[in-house]
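To keep things clear, I will list the structure first and then write my remarks on it.
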Amino acid sequence: MYKRRNIVALAASVLTLAAWGGGTSAHSRPEVALHLSAHQLTHPGRVIVRARTIGLLGSKRYAFRVKGATGGWRTVRRLNPTLVAGISLDRVGTYSIDAVVQSHCRQPHGVRTQVIVSAPEVIYVGAKVSVSLNASSVGVGHAVSMTAQAKGIAGPLYRFVMRQGTAPWKPLTAFSPRRVLNTPAEQPGPYQLAVQAKARGGPVLESSPASLSVYGPAARIILTPSQKVWVADGKEMETLTASIVDAQGDLVSNFNGTGSLVDNSPAGAIAKWGETASALTSQASAKADLVLNFVNGKATVVLQSGRRVAQDALVATSSLNSSQTLTGTTTIAAVAQKPSHIALNTSSPYLIANESGNPANYTVALTDQASEPMLTGTYHLTATLIGPGQFHNLSAGPYPITYTGGQGAAPVTVYSMAGSLGPLTLNVQYPGLSKASLTLNAILGGQPYQMGVSAPQTTLKDGQSTTLTLTQLTKTGGVSDPASLDNSGYVVSITNPNGSEASGFALNGSSYTAPTTIAVATGPNFFYAVSQPVALTVTNAAPGTYLVTVADADGQWKTSQPLTIQVRG
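Position in the sequence shown (first residue = 1) + 5 = our numbering.
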């Protein structure tokens, strides 16, 4: 087995080594070809390297070497009969990998030994290439600045490329160390710009493309409503965008100025308009206009619908100079309201099933094409229940619901069935519309599961007090409805960490004696409270650590987690 220094020496000497044996022609010179499973790895990465020899006779052994961008060659797999190796690279950067092959071949005059080295292959680990532009749009004749950035590529060479639309990519430069390119935009249209980067002798990586819009002189105004359907419900609002564009329809993003918007046929499709929703003003006549403030080629107006099924024609204008005015038109047509969706909502997070009659409250409304409530009309819907609930007529449906447009949502109340748990689904239907469904969990509210204790201050001195909060936690996460609490008291214990009972404390002003039972207070509606405060005062307790625990006097529920109290001297 060769030592590492032997391999390096053999590899270096082969740079000037001709084919062994006299008279071997140049075209039959032995070679080593190297194949990598990838030339770019994530960080950290592992590459599979395979060597292949051409014209090299006899038994062979293979070694593999790696060189970083700033270091020398190091052997990562010494001479071995196996021609494949896995190489782990755990640092971001550029590496070169080559193979050293040693062969032994018997000749008439003895054994001939030969060492040859493959050409190195370059590989990147964690390499990234990006390009940034100084602007996303420029005018014809203006320059755009492209800045390239490469990570993990040693001595990167950059080439900038571009394409218009979906045309093939074209190089703007040859590969060079230059990172910044200022290039003029000569033709209007949409472009994509990218940068390619590589180390010398390495593969080429390409950045994600950046988009650039090149625009010509301002030619017209485009008015674009934010939605396709404009409903005559008197409430719907939308944003109308006015854009200054060139002859190809590309935004002229350096246009900053003013213009005006006029309603040439105020038939009632539009009731109000303004620059913002909070600045809506009445649109009174065909001569009433609104100022358009263009910033970077765009201005916006907020429109509020009227209650008429009508059509208004809008005209926008902006003067470039004394001889040229840009114009743009659009039509806002308000269509009649029609029911499009069932809006089903509830304020109840769950249905408490301790007793029959606990309610869950829902609201039902019909909304139009813009999700606004219907203004007029009487609509008859049908509700059904799946699960542990019932309507006031003690049925699961069908249950009639009457919704009157303009009168607010219709209330629907669902009542629990005592002790019946599980999901409860309310379905509401109206002819021609998709069914609306809403599911609640039916649970036992207020059923204690574990006692609890907490305090805002846990480090005290003699004479100081803190407030203990005694709680009855539930399996459902602390449901506050106390309908079925039935617990005779909280049993409070204060102990040393070794478990012995403590002294020198008072609870609610009375000297603590172990253990102390505190009756459960009366809560809302004469039910038991799910939590209550208790004053804990240090009277003459010795400095040290104490544990406060709370148990259920009836022994049915889990004892609380201990609360640690520190008494300082």
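Cβ atoms here follow ideal geometry from the backbone N, Cα and C, with glycine treated the same way.
| Identity of the residue in F260, S508 and S515 nearest S549 by Cα | By one-based count along the sequence shown, residue 549 stands at place 544. Checking the sequence, you will find Gly at residue 549 rather than Ser. The shortest C-alpha separation from G549 is found at S508.
| task | Below 6 Å CB to CB, which residues in the same chain sit around A558 once its five sequence neighbours on both sides are set aside? | result | Along the sequence shown, read from residue 1 onward, the residue named residue 558 stands at position 553. Excluding sequence neighbours, A558 sits near S493, G494, V496 and T522.
| task | Leaving aside the five residues before and after S108 along the sequence, list all residues of the same chain whose C-beta is less than 6 Å from its C-beta, in chain order. | result | Against the sequence shown, residue 108 aligns to sequence position 103. Only L61, G63, K65 and Q119 meet the Cβ criterion.
| said: By the DSSP assignment, the beta strand (DSSP E) with T322 in it spans what residues? | reply: Locating residue 322 in the sequence shown gives position 317, counting from the first residue. Note, T322: beta strand (DSSP E), Q316 to N326.
| Stretch pair the region 263-280 + the region 150-164: three plus CB contacts closer than 8 Å | no
| Can you check whether the CB of R313 is closer than 8 Å to the CB of A642? | Lying outside 6 to 574, the shown extent of the chain, residue 642 is not represented and no answer is given.
| Between the beta-carbon of A74 and the beta-carbon of T99, is there less than 8 Å? | Mapped onto the sequence shown, residue 74 falls at position 69. Mapped onto the sequence shown, residue 99 falls at position 94. Yes, Cβ-Cβ distance for A74 and T99 is below 8 Å.
| task | Measure from the alpha carbon of L39 to the alpha carbon of each residue in A526, F69, G50 and V555, then state which is nearest. | result | Start at 1 with the first residue of the sequence shown, and residue 39 comes out as number 34. Of A526, F69, G50 and V555, the residue nearest in Cα terms is F69.
| Where A155 sits in the DSSP three-state scheme | The sequence position of residue 155 within the sequence shown is 150, counting from 1. Three-state result, A155: strand.
| said: Just verifying my parser: in three-state terms, what is the DSSP assignment at A282? | reply: Position 277 of the sequence shown, counted from the start, is the residue given in the question as residue 282. Looking at A282 - three-state DSSP - the assignment turns out to be helix.
| said: Please report the distance separating the alpha-carbon of V54 from that of T80. | reply: Residue mapping note: residue 54 aligns to position 49 of the sequence shown, counting from 1. Residue mapping note: residue 80 aligns to position 75 of the sequence shown, counting from 1. Cα to Cα, V54 sits roughly 13 Å from T80.
| Cβ-based neighbour list, A414, same chain, cut-off 8 Å, excluding 5 preceding and 5 following | Sequence index remark: in the sequence shown, residue 414 carries index 409 (1-based). So the list reads A348, N350, T368, V369, A370, P378 and Y408, once near-sequence residues are dropped.
| query | Would the region 498-514 and the region 536-548 be scored as touching if the rule is three or more Cβ pairs under 8 Å? | reply | yes
| message | Suppose you measure from the CA of I570 to the CA of H48; what does that come to, to the nearest Å? | response | Here residue 570 refers to the residue found at position 565 when the sequence shown is read from its first residue. Here residue 48 refers to the residue found at position 43 when the sequence shown is read from its first residue. Cα-Cα distance, rounded: 49 Å.
| task | Would you list the residues sitting across from L61 in a DSSP beta bridge? | result | Locating residue 61 in the sequence shown gives position 56, where the first residue counts as 1. Per DSSP, none; premise fails for L61.
| CB contact flag (E126, L245, <8 Å) | Residue mapping note: residue 126 aligns to position 121 of the sequence shown, counting from 1. Residue mapping note: residue 245 aligns to position 240 of the sequence shown, counting from 1. No, Cβ-Cβ distance for E126 and L245 is not below 8 Å.
| From which residue to which residue does the beta strand (DSSP E) around M167 run? | Translated into positions along the sequence shown, residue 167 becomes position 162. It spans L162 to Q169 - the beta strand (DSSP E) in which M167 sits, taken as one unbroken run.
| What three-state label does DSSP hand P195 in the structure shown? | For the purposes of this step, residue 195 is taken as residue 190 along the sequence shown, with counting starting at 1. The DSSP-derived three-state label of P195 is strand.
| message | If contact is defined by three or more beta carbon pairs under 8 Å, each pair taking one atom from either stretch, is the region 127-144 in contact with the region 83-103? | response | Yes, they touch.
| request: Just the C-alpha distance for L552 and L568, rounded to the nearest angstrom, thanks. | output: On the sequence shown, residue 552 is found 547 positions in, with the first residue counted as 1. On the sequence shown, residue 568 is found 563 positions in, with the first residue counted as 1. So the two alpha carbons sit approximately 5 Å from each other.
| request: Work out the CA separation of S150 and A43 for me, nearest whole Å. | output: By one-based count along the sequence shown, residue 43 stands at place 38. By one-based count along the sequence shown, residue 150 stands at place 145. So the two alpha carbons sit approximately 33 Å from each other.
| Do Y196 and Q169 have their C-beta atoms closer together than 8 Å? | Along the sequence shown, one-based indexing puts residue 196 at 191. Along the sequence shown, one-based indexing puts residue 169 at 164. Going by C-beta atoms, Y196 is nearer than 8 Å to Q169.
| task | Would you identify the three-state DSSP class for M422, choosing helix, strand or coil? | result | Locating residue 422 in the sequence shown gives position 417, counting from the first residue. Three-state result, M422: coil.
| query | Where does W562 fall in DSSP's three states? | reply | Here the question's residue 562 lines up with position 557 in the sequence shown. In the structure shown, W562 sits in coil (DSSP, three-state: anything other than H, G, I, E or B).
| Check whether R573 and T472 have beta carbons under 8 Å apart | By one-based count along the sequence shown, residue 573 stands at place 568. By one-based count along the sequence shown, residue 472 stands at place 467. It is not a contact, given that the beta carbons lie outside the stated cut-off.
| request: Could you tell me if K175 is buried or exposed, where buried requires 16 or more neighbouring beta carbons within 10 angstroms of its beta carbon? | output: The residue you call residue 175 lines up with position 170 of the sequence shown. When all chains shown are included, K175 counts as exposed.
| message | At 3 residues or longer, what runs of the beta strand (DSSP E) sit wholly inside the region 80-149? | response | Runs of the beta strand (DSSP E) inside the region 80-149: 89-94, 98-112, 115-122, 126-130, 133-138 and 142-144.
| Can you tell me whether DSSP reads R573 as helix, strand or coil? | In the sequence shown, counting from the first residue as 1, residue 573 sits at position 568. Three-state result, R573: strand.
| Three-state class that DSSP yields for N432 in the structure shown | As a working note, residue 432 is residue 427 in the sequence shown. It is a strand residue.
| task | Determine which residues share a DSSP beta bridge with H40 and list them. | result | Along the sequence shown, one-based indexing puts residue 40 at 35. Answer is R55.
| task | Take Y435 as the anchor and find which of Y404, L285 and A423 has the nearest alpha-carbon. | result | Stepping through the sequence shown from its first residue, residue 435 is reached at position 430. Minimum Cα distance to Y435 is reached at Y404.
| Going by C-alpha distance, which of Q469, L475 and T554 is nearest G504? | Stepping through the sequence shown from its first residue, residue 504 is reached at position 499. It is T554 whose Cα lies nearest to the Cα of G504.
| said: Measuring alpha carbon to alpha carbon, tell me which residue in V116, G115, N85 and S93 is nearest V105. | reply: Against the sequence shown, residue 105 aligns to sequence position 100. Selected option, being the one with the closest Cα: N85.
| Ends of the beta strand (DSSP E) at L399? | For this step, residue 399 is matched to residue 394 along the sequence shown. Where L399 is concerned, there is no enclosing beta strand (DSSP E), given that its DSSP letter is neither H nor E.
| Inter-residue Cα distance where the pair is A401 and P428 | Mapped onto the sequence shown, residue 401 falls at position 396. Mapped onto the sequence shown, residue 428 falls at position 423. Each residue's Cα considered, the two are about 14 Å apart.
| message | With three or more C-beta pairs closer than 8 Å as the rule, is the region 293-307 touching the region 324-340? | response | The region 324-340 makes no contact with the region 293-307; the number of CB pairs closer than 8 Å stays below 3.
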